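Following: one structure in structure tokens, then a few remarks.
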Amino acid sequence: MAHPEVDATVTRWSFWLVVALLVAGPLGAAGLVASGGSPAGGNAASSASSGLTPATGSVTANITGPSVVALRASTTYIIQATGGPAVAPNGTIIGNLTYFAQVLGSNLTGVTLTPTSSLILNGTPGRPILEVANTTEVLTIQVEVTSVYQTQNQSINITYLVHVVQPYVVQATLVTGSANVGQFTILVALDGTQVGNVSVPNLDANQNYQFSYSYVTLGLSAGTHTFTLTLLVPRGLVTFGNGQNSYSVSFYVPGPTPNYSLWYLAGAVAFLGTIFILVTRLAARRRGAAKR
1 MAHPEVDATV TRWSFWLVVA LLVAGPLGAA GLVASGGSPA GGNAASSASS
51 GLTPATGSVT ANITGPSVVA LRASTTYIIQ ATGGPAVAPN GTIIGNLTYF
101 AQVLGSNLTG VTLTPTSSLI LNGTPGRPIL EVANTTEVLT IQVEVTSVYQ
151 TQNQSINITY LVHVVQPYVV QATLVTGSAN VGQFTILVAL DGTQVGNVSV
201 PNLDANQNYQ FSYSYVTLGL SAGTHTFTLT LLVPRGLVTF GNGQNSYSVS
251 FYVPGPTPNY SLWYLAGAVA FLGTIFILVT RLAARRRGAA KR
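Okay, here's the thing in structure tokens:
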């Protein structure tokens, strides 16, 4: 479905295309924690004896990070894990605690996750970076964490869904006065609620500066919405193209396409009912004429 430009400064694109391979829970940014602890083959080298005994608890792990990202985004995710043979009762890692990750999806052209494996050390979680392409879809980050100490090993599998969407983009022009301006911030609000900010670098005097802000979401309700931009800089040093310290632009989100199938069905039933009544009356009249 085509989405026309609503304003010269706001572009409305299509929303996400769900091509999920796995089913997960809510779409919040919190990590998903899987239960497990089934033995796995040795995926990491055994460490030398440290004199400490392994913990008796099962290995646990989670992954956190944005669950909704814009096209062509590069995002870092945090993988944390503990427990299993590699961790002593006092929390010291005495073996190898390692994650192995991959990304799944319907179209992985231009999609990467690096590094795909790394040790999880004390206080240092795994930090793989997900880079997505120019395709709206749902990706699944699949992670296996192994906890290995000498001949003992344990593993757990977790997954995390990432929705790749086309964002709303608001653009504006800044105009400086007769003096140079140091770095400052622009607040971005949507329908009166702050949703982000833009950091503007140092600007020269009498300069025009173009900037944009991408707002990622799984969808907005039908109706009119308004972006409001506010400069956090002393009045007069910088203004928007309209000469003011704030700038607002509204755009309209259409509702879903009406589903006329039920109306078509009701119309067909009414039409057939009318035909049935006419045929019945006509047959009754013919029977009456025949009796005479």
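Using my numbering, read the sequence shown as starting at 1 and increasing by one per residue. Using N, Cα and C, we set each Cβ at its ideal position, and we do this for glycine too. The model shown is predicted, which means the values in this text are computed figures rather than measured ones.
**Burial state of Gly223 (16 or more Cβ within 10 Å)** = Classification for Gly223: exposed.
**Message:** Counting only beta-carbon separations shorter than 8 Å, does Ser246 have a partner in chain D?
**Reply:** The chain labelled as chain D is not found in the depicted structure, where only one protein chain is given.
**Message:** Rounding to the nearest angstrom, what Cα-Cα distance links Arg235 and Ser212 in this structure?
**Reply:** Our two residues, Arg235 and Ser212, have alpha carbons roughly 21 Å apart in a direct line.
**Asked** Gly83 to Ala205, Cα distance in whole Å?
**Response** Cα-Cα distance, rounded: 58 Å.
**Asked** For Ile120, which of helix, strand or coil comes out of DSSP?
**Response** When secondary structure is reduced to three states using DSSP, Ile120 falls in the coil class, being assigned neither helix nor strand.
**Request:** Pick helix, strand or coil for Val164, following the three-state DSSP scheme.
**Result:** Val164 carries a strand assignment under DSSP once its states are collapsed to helix, strand and coil.
**Request:** Can you tell me which of the three DSSP states Ser212 falls into?
**Result:** Of the three classes helix, strand and coil, the one that applies to Ser212 here is strand, per DSSP.
**Request:** Under 6 Å Cβ to Cβ from Ser246, same chain only, skipping five residues before and after it: list those, please.
**Result:** Contacts found: Thr230.
**Message:** If you reduce the DSSP assignment to three classes, tell me which class Ser74 lands in.
**Reply:** Secondary structure at Ser74: strand, using DSSP grouped into helix, strand and coil.
**Prompt:** Can you give the beta carbon distance from Val238 to Val181, rounded, assuming they're within the 8 Å contact cut?
**Reply:** With a Cβ gap of about 6 Å, Val238 and Val181 count as contacting.
**Item:** Opening and closing residue of the beta strand (DSSP E) in which Gln102 lies
**Value:** Taken as a continuous stretch (DSSP letters only), the beta strand (DSSP E) holding Gln102 covers Asn96 to Leu104.
**Asked** Do the CB positions of Thr81 and Val145 come within less than 8 Å of each other?
**Response** Sequence check: residue 81 is Ala here, not Thr. If you check the CB distance, Ala81 and Val145 come in under 8 Å.
**Asked** Looking only at its own chain, which residues have a Cβ that is under 6 Å from the Cβ of Leu119, when we skip the five neighbours before and after it?
**Response** For Leu119, where only same-chain residues beyond five positions count, the Cβ hits under 6 Å are Thr98.
**Request:** Alpha carbon to alpha carbon, how far is Thr114 from Thr92? Give it in angstroms, no decimals.
**Result:** Cα to Cα, the separation comes out at about 27 Å.
**Asked** If you draw a straight line from the alpha carbon of Ala86 to that of Pro125, how long is it in whole angstroms?
**Response** Taking the straight line joining both Cα atoms gives about 15 Å.
**Prompt:** Can you list, in chain order, the residues of its chain whose CB lies under 7 Å from that of Val233, leaving out five sequence neighbours each side?
**Reply:** Excluding sequence positions up to five before and after Val233, its CB lies within less than 7 Å of the CB of Val181 and Phe184, all in the same chain and listed in chain order.
**Message:** Using 8 Å for Cβ pairs, my map puts Val169 next to Ser214. What's the rounded Cβ distance?
**Reply:** Correct: roughly 5 Å between the Cβ atoms.
**Helix, strand or coil at Ser67 [DSSP, three-state]** = Residue state, collapsed to three classes: coil.
**Prompt:** Roughly how many angstroms lie between the CA atoms of Val33 and Ala61, to the nearest whole one?
**Reply:** Only weak support exists for where Val33 lies, its pLDDT of 39 falling under 50; the coordinates are left without a value.
**Alpha carbon of Ser155 to alpha carbon of Gln244, nearest angstrom** = Distance between the alpha carbons of Ser155 and Gln244: 58 Å.
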